[in-house]
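Here's the structure, in structure tokens; my notes come after.
Residue numbers (full-length UniProt numbering): 1 to 196.
Laid out in structure tokens, this is it:
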């Protein structure tokens, strides 16, 4: 039996649809948690529950998200960008500059820990990184009191902590702006006195 020549051989391919399946949670994970958003889906965290209940403000929820991103970038070495993110065309990081940016993120996490205390850092980690519920946090931190009381206590503590985090970020932002202004102001007044 003779082989068909490569020219005469016909290859039929089935068309592959240009659809990417959602990289979402497994059915088991969906059964255990409540999710929000469409792309990408995220677990309904306790911060969002506090925000929906009116216990915290939107700036506090935003500060929590920034702290979480800094923590993940600092400890896990990856960044999760939002859908609206536009990559910078002027900067391409090499290994050294990437680690410098990562070190700045870790410095922000460390500054928060030093300003608010180790207990606050532990609660932020449990709330944002470990994604524990108020009930689970209450059982871990207050094992001797009832579950309902510990849940109310930890919810109030977390709401207060997130508001403190937002106020601390705002104060740091104002201090940095004042430092930049002060840095540029003396140079201008020195030039003006030299011209006179």
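Idealized CB from N, CA, C, for every residue including glycine. None of the values given here were measured: they were computed from a predicted structure.
- Fully contained in the region 115-184 is no beta strand (DSSP E) run of length 3 or more.
- Just so you know, the alpha carbons of residue 69 and residue 146 end up roughly 33 Å apart.
- Straight-line spacing of the CA atoms in residue 158 and residue 120 works out to 9 Å.
- By the neighbour-count criterion, in which a residue is buried when 16 or more other Cβ atoms sit within 10 angstroms of its Cβ, residue 156 is exposed.
- Taking C-beta atoms as the reference points, residue 165 and residue 67 count as a pair closer than 8 Å.
- Straight-line measurement puts the Cα of residue 98 at about 45 Å from the Cα of residue 144.
- Of 129, 130, 63, the smallest CA-CA separation from residue 108 is found for 63.
- Contact between residue 105 and residue 74 holds: CB atoms are separated by about 4 Å, below the 8 Å threshold.
- Assignment of residue 54 by DSSP, reduced to helix, strand and coil, places it in the coil class.
- The alpha-carbon separation between residue 149 and residue 61 amounts to approximately 24 Å.
- By the C-beta density criterion, residue 46 is buried, having at least 16 other C-beta atoms within 10 angstroms.
- Looking from the CA of residue 123, the closest CA among 96, 153, 100, 95 belongs to 153.
- Taking residue 26 as the centre and dropping the five residues before and after it, the same chain places no C-beta closer than 6 Å to its C-beta.
- Looking only at 126, 102, 59, 170, the smallest Cα-Cα distance to residue 76 is reached by 102.
- Here DSSP, grouped into helix, strand and coil, assigns residue 75 to helix.
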